[in-house]
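*Asks:*
In this note's numbering, the protein residues as written are 749 to 825.
(1) Let me check understanding here. Comparing Cα to Cα, which of 751, 778 and 757 lies closest to residue 768?
(2) Among the residues of its own chain, which have a CB less than 8 Å from the CB of residue 809, if the five just before and after it don't count?
(3) May I have the straight-line CA-CA distance separating residue 806 from residue 794, to the nearest angstrom?
(4) Report all residues from its chain with a CB closer than 7 Å to the CB of residue 812; omit the five preceding and five following residues, and keep chain order.
So, in structure tokens, the structure goes:
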């Protein structure tokens, strides 16, 4: 495959060779960009997220669904 690529590349005009080389450089730079991830900073959002005191209380909208669910088991009629 490499010999085919090499021979195809050599048969191109100079302007087309430049386009191919530019494309290769662009692909290399995109690959490097994808590898660079921002490091996560632990505790960055500390104190920014608040939960209400009644977070674990039953939701009124699920009342019909929950009336058959007792102690984590589903009870059927």
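C-beta: ideal position from N, C-alpha, C; glycine also.
*Replies:* Checking against the coordinates, here is how it stands:
(1) Translated into the one-based positions of the chain shown, residue 768 becomes position 20. Measuring from the Cα of residue 768, the nearest candidate turns out to be 757.
(2) Working through the chain shown from its first residue, we reach residue 809 at position 61. Counting only Cβ-Cβ distances below 8 Å, and skipping sequence neighbours, we find nothing.
(3) Here residue 806 corresponds to residue number 58 of the chain shown, with the count starting at 1. Here residue 794 corresponds to residue number 46 of the chain shown, with the count starting at 1. Cα to Cα, residue 806 sits roughly 27 Å from residue 794.
(4) By 1-based counting over the chain shown, the position of residue 812 is 64. Contacts found: none.
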